[in-house]
Amino acid sequence: MQKTTLHAEHRRLNAKMTDFHGWDMPLYYTSILEEHQAVRATAGIFDISHMGQARLSGEGALETLNELVISDVASVGEGRACYTMFLNEQGGILDDVIIYRLGRQDYLVIINCANRASDVAWMQAHQRGAVEIRDISEGRAILAIQGPIAAQLLEDILAFPVKALGRFDVVAIPSLGSMAWVARTGYTGSDGFEFFVPDAVAHRLWQQVLERGASCGIVPIGLGARDTLRLEAGLRLYGTDMDTTTTPFEADLGWTVAIHKPSFLGKASLVAQNTRGLSRRLVGFELVEGPIPRQGFSLFAQGRQVGAVTSGTFSPTLNKAIGMGYVELPFAPPSTMLQIMIRGKTYPVTVVKMPFWKAEALKHACTK
Numbered sequence: 351m352q353k354t355t356l357h358a359e360h361r362r363l364n365a366k367m368t369d370f371h372g373w374d375m376p377l378y379y380t381s382i383l384e385e386h387q388a389v390r391a392t393a394g395i396f397d398i399s400h401m402g403q404a405r406l407s408g409e410g411a412l413e414t415l416n417e418l419v420i421s422d423v424a425s426v427g428e429g430r431a432c433y434t435m436f437l438n439e440q441g442g443i444l445d446d447v448i449i450y451r452l453g454r455q456d457y458l459v460i461i462n463c464a465n466r467a468s469d470v471a472w473m474q475a476h477q478r479g480a481v482e483i484r485d486i487s488e489g490r491a492i493l494a495i496q497g498p499i500a501a502q503l504l505e506d507i508l509a510f511p512v513k514a515l516g517r518f519d520v521v522a523i524p525s526l527g528s529m530a531w532v533a534r535t536g537y538t539g540s541d542g543f544e545f546f547v548p549d550a551v552a553h554r555l556w557q558q559v560l561e562r563g564a565s566c567g568i569v570p571i572g573l574g575a576r577d578t579l580r581l582e583a584g585l586r587l588y589g590t591d592m593d594t595t596t597t598p599f600e601a602d603l604g605w606t607v608a609i610h611k612p613s614f615l616g617k618a619s620l621v622a623q624n625t626r627g628l629s630r631r632l633v634g635f636e637l638v639e640g641p642i643p644r645q646g647f648s649l650f651a652q653g654r655q656v657g658a659v660t661s662g663t664f665s666p667t668l669n670k671a672i673g674m675g676y677v678e679l680p681f682a683p684p685s686t687m688l689q690i691m692i693r694g695k696t697y698p699v700t701v702v703k704m705p706f707w708k709a710e711a712l713k714h715a716c717t718k
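My numbering puts the first residue of the sequence shown at 351, with every later residue one more than the last.
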């Protein structure tokens, strides 16, 4: 079982641990509900160091990435980031990643932990020019500080103007040492920041956030609340809501596809699918009453199965059960009424537009 550099800290905090793709990770510290509510109300800190970090530098870095991902990497300026995907030739999703442009030909790619080795090998197999492609995950960590008071807290700790960062901005923080970056990105739907730093910096930052933020209700957050938060925000989970059997268009992520690019792996398949049209699409749905929907549960309409659930949870913020699933295209429009089969009984569900929840643009302050 692999462990992050903060593993002993999670144990000290009596976290309930779980096996996540071979990593011993905190599922929760107090409860999923309390941690979820903390992120929505104040802020929380996540150890997500199980995720992979790859660096592409040198001539050919841009060209390599632009051929491998579906977005237009050339349009991403220095100090900016983009959410995108690797595809196979059939248009199936190999992974969803975030690419951070650190310099002219210098990129940081954040990879899902289960795909770390395969993604790096995939990039190396398709490299162009003199680009150097390295897995830099060892000895490094990723911390996410998410929630409405995250910006104020981090400005107080770092004496650095993180509030000036826009969404998907990334910048080096010299006071944290070399190869230390912060980005205004996250996986919760709330405002927040992610730090890509050496292990020693992660230990220091973890303690500072929890100590300085204690009076404001800032707590450590496990993977359980990370999942309920991302679901409320309508964010997909690779391996659950999409994989090699689904395309970006089917996953309702067509906005990420730069179909105008001359070429990228999988483009021909996407063009063909776009021409013939979709047969299914990922949708969000909600239950007014009934049990929590789980992966694999069947969705019905007009007396027959028309889809299946990929993700489901009880939304603490909305106080109702929500989920995602693939359904036949005629049943994908919002307000469509479906039924879900749960333990032999059917319950009504309504297709709704995602995200289920969106943060308000409010100013928050941490006062003592």
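All C-beta atoms in this analysis are idealised placements derived from N, C-alpha and C, irrespective of residue type, glycine included.
Residue j beta carbon less than 8 Å from that of residue i
| i | j | result |
| --- | --- | --- |
| T538 | A431 | no |
| L573 | P376 | yes |
| Q403 | I460 | yes |
| R390 | S540 | yes |
| R490 | P570 | no |
| L493 | D397 | yes |
| F650 | L688 | yes |
| A671 | L637 | yes |
| L412 | V419 | no |
| I483 | L383 | no |
| A658 | G640 | no |
| F706 | S661 | no |
| M435 | P598 | yes |
Residue i - DSSP class collapsed to helix/strand/coil
| i | result |
| --- | --- |
| D723 | Nothing can be reported for residue 723, as the shown portion of the chain is limited to 351 through 718. |
| W531 | strand |
| P705 | coil |
| I398 | coil |
| D369 | strand |
| P641 | coil |
| T625 | helix |
| I486 | coil |
| R631 | strand |
| L603 | coil |
| F543 | strand |
| V699 | strand |
| I523 | coil |
| K713 | Unreliable positioning characterises K713 in this predicted model, as indicated by a pLDDT of 38, which lies under 50. The coordinate reading is nonetheless provided below. Coil at K713, not helix or strand. |
| P680 | helix |
| E636 | strand |
| L356 | coil |
| G646 | coil |
Residue range of the unbroken alpha helix (DSSP H) whose run includes residue i
| i | result |
| --- | --- |
| D577 | L573 to E582 |
| K611 | Here K611 belongs to no alpha helix (DSSP H), and DSSP marks it neither H nor E. |
| W720 | Residue 720 lies beyond the stretch modelled for the chain, which goes from 351 to 718, so this question has no answer here. |
| I461 | I461 -> not in any alpha helix (DSSP H); beta strand (DSSP E) instead, spanning D456 to I461. |
| S468 | R466 to A475 |
| L503 | A500 to L508 |
Classification of residue i by the beta-carbon crowding that lies within 10 angstroms, buried from 16 upward
| i | result |
| --- | --- |
| T696 | exposed |
| G516 | exposed |
| D591 | buried |
| A514 | exposed |
| A358 | exposed |
| V757 | Since the displayed the chain opens at 351 and closes at 718, residue 757 lies outside it and no answer follows. |
| T595 | exposed |
| A715 | Interpretation of A715 is limited by its pLDDT of 38, a score under 50 that renders its predicted location unreliable; the figure taken from the coordinates is listed afterwards. Exposed, by the Cβ-count rule. |
| T625 | exposed |
| H610 | exposed |
| G584 | buried |
| V633 | buried |
| N416 | buried |
| D602 | buried |
| K713 | Because K713 sits at a pLDDT of 38, beneath the cut-off of 50, its placement in the model cannot be relied upon, and the point is left open. |
| E428 | exposed |
Cβ of residue i within 8 Å of any chain C Cβ
| i | result |
| --- | --- |
| W707 | Of the protein chains in this structure there is only one, and it is not chain C. |
Nearest candidate by alpha-carbon position, reference residue i, set the options
| i | options | result |
| --- | --- | --- |
| A500 | F546, R562, W373 and A475 | R562 |
| A575 | A388, L668 and L418 | A388 |
| A533 | D549, R554 and P511 | P511 |
| G408 | I443, I690, F396 and V481 | V481 |
| A709 | L363, Q352, T392 and R361 | T392 |
| G675 | S613, R654, R586 and P698 | R586 |
| I443 | D469, V426, D456 and I449 | D469 |
| L437 | T606, D577, Q502 and A658 | T606 |
| S528 | P698, L452 and S629 | L452 |
| A464 | E385, L504, D369 and G429 | D369 |
| Q502 | A522, G542, Y457 and A467 | G542 |
| L526 | Q558, F518 and R631 | Q558 |
| R582 | F635, V699, H553 and Y450 | The residue you asked about is not Arg; residue 582 is Glu in the sequence shown. Nearest of F635, V699, H553 and Y450 to E582, Cα basis: F635. |
| P698 | Q652, E439 and M704 | Q652 |
Span of the beta strand (DSSP E), counted from its first residue to its last, around residue i
| i | result |
| --- | --- |
| E413 | That residue, E413, is in no beta strand (DSSP E); its alpha helix (DSSP H) goes A411 to L418. |
| R490 | R490 to Q496 |
| Q652 | Taken as a continuous stretch (DSSP letters only), Q652 belongs to no beta strand (DSSP E), as it is neither H nor E. |
| L437 | A431 to L437 |
| K390 | One point to set straight first is that residue 390 is Arg, not Lys, in the sequence displayed. From DSSP, R390 is part of no beta strand (DSSP E) but of the alpha helix (DSSP H) over I382 to A391. |
| R451 | I443 to G453 |
| M687 | M687 to I692 |
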